[in-house]
Amino acid sequence: MEVRGVAKEVHLVAKSMEEVTPGLAKVLAKHSANLHLQLHVERLCEDGLVVFGGGGSGVLADTIIYCTTRAGPLFEHVFPPSLAPSLSFVGIPIKVFAPRFFEAQAKWGAQVLSGRRTLPPEQEMMRSVEEYYRAREIAGVPKKYTHDVCLSETMPTYMDDFGSKYCDFPRVERWHHELVVSLFANMNNNLETFREDYQDTDSICKGVEEWHLSAQQPQAAPAAKKMSLGLS
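Following the UniProt record's numbering, the numbering of the sequence shown begins with 1 at its first residue and continues without gaps.
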């Protein structure tokens with residue numbers, strides 16, 4: 001959506017119109033001047049012409065961004081078994097606490113590279129990836145959601161288990177979970193504003209208040225020390 005602000009035209013491509021959420025429909029209607037939704041790409045031509053399905057219309061594209069939504073195979077969505085630990089990926093999972101969860105991934109990768117932690121053998125990592133794929137397939141989860149590791153009912157346990165298992169990362173307070181689940185629930189209906197629109201439960205209000213207080217404490221300490229020395 002951000003590209004729309006600097007591009008003459010942006011053409012989003014979907015496999016079917018059934019994939020259009022209410023939130024996306026609102027954005028398309030609001031920015032119809034240069035934001036368009038097309039059916040699947042039928043073919044790419046050497047002169048830069050992109051021909052869409054469902055009618056054969058096309059545009060001359062300057063840039064094409066492939067949004068495959070997945071990369072793999074990756075052990076825990078970080079390490080490709082055959083290239084680990086020399087190659088790792090940070091920031092691939094979606095619907096997680098970013099950047100907090102990505103910090104945990106980076107910390108794990110750094111510890112592996114430094115020798116503080118070791119990875120399982122390649123065959124064991126590959127077997128884990130295959131079991132994950134198989135479980136998702138049995139559950140009926142489309143491949144495009146391969147890295148959607150934190151569905152609302154599993155998000156707290158997955159993120160906390162990852163942190164404690166791989167890098168001794170602190171657990172996330174419960175109010176954080178409630179806040180993000182509320183945001184995700186609003187995302188389908190309000191794609192542009194869901195980050196600012198959430199349910200203010202008592203625990204979220206209390207958590208935000210305590211967070212603000214804790215953020216102010218490190219700044220207050222030097223000021224207090226300065227005054228005690230008579231330097232103000």
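By construction, the Cβ of each residue, glycine as well, lies at the ideal position given by its N, Cα and C atoms.
Note that the coordinates shown come from a computational prediction; the quantities given were computed from them, not determined experimentally.
One or two residues paired with residue i in a DSSP bridge
i           : result
residue 127 : Beta-bridge pairing links residue 127 to no other residue.
residue 58  : 51
residue 43  : 51
residue 38  : 13
residue 101 : Paired residue(s): none; residue 101 is not in a bridge.
residue 79  : 75
Option nearest residue i by Cα separation, candidates the options
i           : options               : result
residue 189 : 22, 14, 44 and 211    : 22
residue 79  : 124, 205 and 183      : 124
residue 72  : 96, 110 and 133       : 133
residue 77  : 97, 111 and 102       : 102
residue 74  : 146, 180 and 169      : 146
residue 32  : 42, 4 and 180         : 4
residue 30  : 171, 192 and 70       : 192
residue 194 : 161, 183, 203 and 201 : 183
residue 97  : 129, 157 and 58       : 157
Within-8 angstroms CB hit, residue i to chain B
i          : result
residue 23 : Among the chains of the structure shown, chain B does not appear; only one protein chain is present.
Buried or exposed by the 16-neighbour rule on C-beta atoms within 10 Å, applied to residue i
i           : result
residue 163 : buried
residue 113 : exposed
residue 1   : exposed
residue 205 : exposed
residue 55  : exposed
residue 115 : exposed
residue 99  : exposed
residue 95  : buried
residue 159 : buried
residue 6   : exposed
Expected contact under 8 angstroms - CB spacing of residue i and residue j to nearest Å
i           : j           : result
residue 90  : residue 111 : With 8 angstroms as the limit, residue 90 and residue 111 do not qualify as a contact, their Cβ atoms being about 13 angstroms apart.
residue 149 : residue 93  : 5 angstroms
residue 108 : residue 66  : Between residue 66 and residue 108 the Cβ distance is about 27 angstroms, and since that is not below 8 angstroms, they are no contact.
(message) Does the segment 208–216 come into contact with the segment 42–56, if we say contact requires no fewer than three beta-carbon pairs (one atom in each stretch) closer than 8 angstroms?
(response) no
(request) Determine contact between the segment 132–151 and the segment 82–91, defined as no fewer than three beta-carbon pairs at a distance below 8 angstroms. (result) no
(request) Examine the Cβ distances between the segment 119–130 and the segment 169–186 and report whether three or more of them are shorter than 8 angstroms. (result) no
(message) For the structure I just gave you, are there three or more beta carbon pairs, one from the segment 9–16 and one from the segment 32–40, closer than 8 angstroms?
(response) yes
(message) Between the segment 57–70 and the segment 22–33, can you find at least three pairs of beta-carbon atoms closer than 8 angstroms?
(response) no
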